[in-house]
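S.K.: The numbers in the UniProt record's numbering rise by one with no breaks, and the one at position 314 of the sequence shown is 314. The C-beta atom is built at its ideal place from N, Cα and C for all residues, glycine as well. Below is one structure. I have some questions about it.
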Amino acid sequence: MAEEAEEKPCNFHEMELDDRMLKAIAKLGWQSPTLIQEKAIPLLLEGKDVLVRARTGSGKTAAFAIPVIQKILNLKQTATQQEIKALILAPSKELCHQICSVVKDLTIKCSREVRCVDVAPQVDLNVQKPLLVEKPDIIVGTPARILQHIKAGHLSLKKSLELLVIDEADLVFSFGYEVEIKELMLYLPKIYQAILASATLSEDVKNLKSLVLHNPVVLKLEEPDLAPASQLTHYHLNAEEMDKAAILYALLKLHLIRGKTIIFVNTVDKCYKCHSVNQFNQGIYDIIVASDEKALEHPGYEKNLNDSKKSKRKKDKESGVSRGIDFQFVANVINFDFPLDVPAYIHRAGRTARGNNQGSVLSFVSMKEKPLLENVEESIRQGHDDTSIFKSYQFKLEEVEAFRYRAKDAWRAVTRIAVREARLKEIKQEIFNCQKLKSYFEDNPTDLQVLRHDKALHTVRVQQHLSDVPEYIVPPTLKNLAGITKKRQEETRTL
């Protein structure tokens, strides 16, 4: 911590929080505050401007949400009219949705007293106007969206705003919001309490700090970038490209990987369109395939792994999983392709073992990827003993040889043309469902008909035989572990 502070309470019930919020915290199962919550909440309740730097998954959102709600409850005791008291900015609509969800969870026992509205969804401004006319206590949105509502006359903050929060502050400028932030400051009161939350203290954060904060306390926790070994286990498994596909298929079909899982790859061709965060969190999906920013922003980066092949891929950020997206209760991260540098590994591993939950990271490592593994291990191990960070994942490839042909069938079916056409199909579906275009199609029905009767897209051949695993190809040593025999017996009884 840059500025020393006296010892603060270390339990939620010692922080002078409203009983209704304590009940909500108990319902969420939070037994004690995380380190950043323990340090930040008392300072924010005192009214100080704070710059919070803490790793992903450390509980930053609750660290600012709890004091914001508490201060609003305090103000309500003397308020004579309903007013907007807090503005929370985040760089993406997904993050805004997450923040609003946390606030609503924390106000479940006082939802009539403290109302939160997320205006980040890209619907027509007039659709959200009635929500803002009611002057909710907390408004969440991206800088651009908030500015649009202000200019449209739907939102006035000059007289009532007491608290400004900017989450993932290190991404705000890099997402292109610098102009909007500077303009937004003109519509805010001269005096307000401000909070910046960030995973790093980059140059952008320093610029934002000078723009937004006034004599702030800087909380820079001396904590590792990843959860400790007692909470997060790192495995590696040596495998070449086609072996990776066979092993992954076997791990998933034999249920050797249990719980919610994110599989990371380095190219969009392997990952097609990771856009289902909400469905994943709601239990619709247990497995999601994703690519991260580094590989998408720097496709030529692959030349480090193979100098003889210079990548010709164009940038495609559409499918990147941006840091800060909160995949909930992820048990496992699988690096199908090993990440291209240390920050990318930390970003991926940070998707699991969040809060007090356990997690594991399994990395498939080919011969050409071994230098990357060594770089990551050396970096993570700095300041620790010489114990190896990565444990060897025990897996005998010869035992699942029968899975290899199935993996090859699936792998060959997903060609670049198939990926492109699948994306086109989804884009067309989004156009059909877009409310903004509804009136356009009503006025131009011919365009809609042309779109509907466009040439048929080729689809990937569905191979039904891959969905089931016959008992005879399951290695005897894995049958009990995978629960295959028990499953077969249950199916027989059902029949």
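Residues in the same chain with beta-carbon distance under 8 Å from C116, minus the five sequence neighbours each way, listed in chain order, please.
M.R.: Hits under 8 Å: C100, V103, K104, T107, P136, D137, I138, I139, V140.
S.K.: So the alpha helix (DSSP H) C100 belongs to, where does it begin and stop?
M.R.: From DSSP, the alpha helix (DSSP H) with C100 extends over 93 to 106.
S.K.: Answer yes or no: do P91 and Y177 have a C-beta to C-beta separation smaller than 8 Å?
M.R.: Against a cut-off of 8 Å, the Cβ pair of Y177 and P91 comes out as a contact.
S.K.: Between which two residues does the beta strand (DSSP E) harbouring D118 extend?
M.R.: Residues 116 to 118.
S.K.: Hey, how far is the Cα of Q128 from the Cα of I287?
M.R.: Using only the alpha carbons, I get a separation of about 34 Å.
S.K.: Quick one: is E162 buried, meaning 16 or more other Cβ sit within 10 Å of its Cβ, or exposed?
M.R.: Buried is the call here.
S.K.: Per the contact definition of three or more C-beta pairs closer than 8 Å, is the region 232 to 249 in contact with the region 390 to 406?
M.R.: Segments in contact, yes.
S.K.: Would you give the residue range spanned by the alpha helix (DSSP H) that S439 belongs to?
M.R.: Here the alpha helix (DSSP H) through S439 covers 438 to 443.
S.K.: Who are the near neighbours of A24 in its chain, counting only those whose CB is closer than 6 Å to its CB and skipping five residues on each side?
M.R.: Once the five neighbours on either side are set aside, the close Cβ partners of A24 are L106, I108, K109.
S.K.: Would R145 and A120 be called neighbours here (beta carbons separated by less than 8 Å)?
M.R.: Yes, the Cβ-Cβ distance between R145 and A120 is below 8 Å.
S.K.: Look at the alpha carbon of V217 and the alpha carbon of L201, and state the distance between them as a whole number of angstroms.
M.R.: Cα to Cα, the separation comes out at about 14 Å.
S.K.: Could you pull out every residue in the same chain whose Cβ sits closer than 7 Å to the Cβ of R20, ignoring the five residues on either side in sequence?
M.R.: The answer, listed in chain order, is K109, C110.
S.K.: Taking the runs of the alpha helix (DSSP H) that are 4 residues or longer, which of them lie wholly in the region 17 to 62?
M.R.: Listed in chain order, they are 19 to 28, 35 to 45.
S.K.: Sort S363, K76, M367 by Cα distance to S392 and report the nearest one.
M.R.: If we check each option's Cα against that of S392, S363 comes out closest.
S.K.: Near E83, which residues of its chain fall below 7 Å by C-beta distance, leaving aside the five closest residues on each side in sequence?
M.R.: Excluding residues within five positions, the ones whose Cβ falls inside 7 Å are K135, S160.
S.K.: Starting from the Cα of V474, find the closest Cα among I417, Y249, P33 and give me that residue.
M.R.: For V474, the nearest C-alpha among the options comes from Y249.
S.K.: Can you name, in chain order, every residue of its own chain whose Cβ lies under 8 Å from the Cβ of L45, other than the five neighbours on each side?
M.R.: Closer than 8 Å at Cβ, skipping near neighbours: M15, E16, P67, Q70, K71.
S.K.: Can you check whether the CB of I195 is closer than 8 Å to the CB of V52?
M.R.: Against a cut-off of 8 Å, the Cβ pair of I195 and V52 comes out as a contact.
S.K.: Distance check for P224 and P299, CA to CA, integer angstroms please.
M.R.: The pLDDT assigned to P299 is 42, lower than 50, so where the model puts this residue is not dependable; a value taken from the coordinates is nonetheless given after this. Distance between the alpha carbons of P299 and P224 is about 29 Å.
S.K.: Can you check DSSP and say which residues form a bridge with Y187?
M.R.: None, per the DSSP bridge assignment.
S.K.: Going by DSSP in three states, I257 sits in which element: helix, strand or coil?
M.R.: If DSSP states are grouped into helix, strand and coil, I257 belongs with coil.
S.K.: Should H149 be labelled buried (16 or more other beta-carbon atoms within 10 Å of its own) or exposed?
M.R.: By the neighbour-count rule (16 or more Cβ atoms within 10 Å), H149 is buried.
S.K.: Comparing alpha-carbon positions, which option in N332, L125, E38, A26 lies nearest G259?
M.R.: Cα-wise, what sits closest to G259 is N332.
S.K.: Is it buried or exposed, Y345, if we count other Cβ atoms within 10 angstroms and call 16 or more buried?
M.R.: Classification of Y345: buried, given that the 10 Å Cβ count is 16 or more.
S.K.: Based on the DSSP secondary-structure assignment, which residues constitute the bridge partners of I138?
M.R.: Paired residues: A86, C116.
S.K.: Please tell me whether A199 and F64 are closer than 8 Å, where the distance is taken between their beta carbons.
M.R.: Not in contact: A199 and F64 (Cβ atoms no closer than 8 Å).
S.K.: Thinking C-alpha only, which one of V179, L340, N433, Q98 is nearest I60?
M.R.: Before going further, note that residue 60 is Lys rather than Ile in the sequence given. Ranking V179, L340, N433, Q98 by Cα distance to K60 puts Q98 first.
S.K.: Compare the C-alpha of H236 against each of K93, S388, S379 and name the closest.
M.R.: For H236, the nearest C-alpha among the options comes from S388.
S.K.: Tell me where the alpha helix (DSSP H) around K151 begins and ends.
M.R.: Segment 143 to 151, the alpha helix (DSSP H) holding K151.
S.K.: Can N207 and F173 be called in contact, C-beta distance under 8 Å?
M.R.: Yes.
S.K.: Count the other CB atoms, across all protein chains shown, that sit within 10 Å of the CB of D337; report buried if there are 16 or more and exposed otherwise.
M.R.: Looking at its Cβ environment, which holds 16 or more other Cβ atoms inside 10 Å, D337 is buried.
S.K.: I'd like to confirm the pairing. Which residues does DSSP put opposite Y235 in its beta bridges?
M.R.: L362, K391, per the DSSP bridge assignment.
S.K.: Identify which residue in Y440, V400, L424, F432 has its Cα closest to the Cα of P476.
M.R.: Out of Y440, V400, L424, F432, V400 has the C-alpha closest to the C-alpha of P476.
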